[in-house]
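Per our numbering, the sequence shown runs over residues 1225 to 1366.
Glycine included, C-beta positions come from ideal geometry on N, C-alpha and C.
Note that the structure is predicted; figures quoted are calculated from it, not measured.
This report refers to the structure that appears directly beneath it.
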Amino acid sequence: MLVAAVWFLLERTQLGRRMRAVSSDRYMARAVGIPVGRYVMLSLALASALAGIAGFLLGHQFLVAPTQGAGHMLKAYIAVAIGGWGSVPGALLGALGIGLFETFVSAAVGDAWASAALYIAVLAVLVLRPQGLFGEPVGRRA
């Protein structure tokens, strides 16, 4: 539900449209009258709220260390890179693909090689399609 709400906010509202404009090109956004500082702060507030919600939902279930999420953060970054920057459905499909890929590779050759195989596969995808699987080609972006 939360992912759908954030997607709707970013894709279907004027607030989201302006946030995407600021993230795409600050100077052009300022030139068309968007208060860039305000939307940068709103983006940071939204990211902080999402992190707080995640901490609230998961923090009480596990013992939490400050450096605990580093591996998960790298995989989230990889999911977004594979899915395509600016594509929420692409990021979700990228995360699903990472999970399935690691599961199958772990079953086939063991856990020790799953991460190495994932990084090799990601490198191959990004060499062939730098914009990600569902991202727009770089020349077409407006």
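Please classify residue i as buried or exposed, where buried requires at least 16 other C-beta atoms within 10 Å of its C-beta.
i       : result
PHE1358 : buried
TYR1251 : exposed
MET1225 : exposed
ALA1273 : exposed
VAL1227 : exposed
ALA1305 : buried
ILE1302 : buried
ALA1278 : exposed
Taking 8 Å as the cut-off, decide whether the C-beta atoms of residue i and residue j are in contact.
i       : j       : result
GLY1356 : GLY1314 : yes
GLY1307 : LEU1317 : yes
ARG1242 : LEU1234 : no
LEU1352 : GLU1326 : no
Measure the alpha-carbon distance for residue i versus residue j and round it to whole angstroms.
i       : j       : result
LEU1268 : PHE1232 : 18 Å
ALA1319 : ALA1336 : 20 Å
SER1339 : VAL1256 : 45 Å
GLY1240 : GLY1334 : 43 Å
PHE1246 : LEU1270 : Per the sequence shown, the amino acid found at residue 1246 is Val instead of Phe. Between VAL1246 and LEU1270, the C-alpha separation is close to 15 Å.
ALA1332 : GLY1323 : 14 Å
ALA1229 : LEU1266 : 16 Å
PRO1354 : GLY1276 : 32 Å
GLN1292 : HIS1284 : 14 Å
VAL1312 : ALA1253 : 22 Å
ARG1236 : PHE1328 : 36 Å
GLU1360 : SER1248 : 13 Å
Meets three-Cβ-pair contact criterion under 8 Å: the segment 1290-1300 and the segment 1345-1352: no
Is it a yes or a no for the segment 1246-1265 touching the segment 1279-1291, going by three-plus beta-carbon pairs under 8 Å? no
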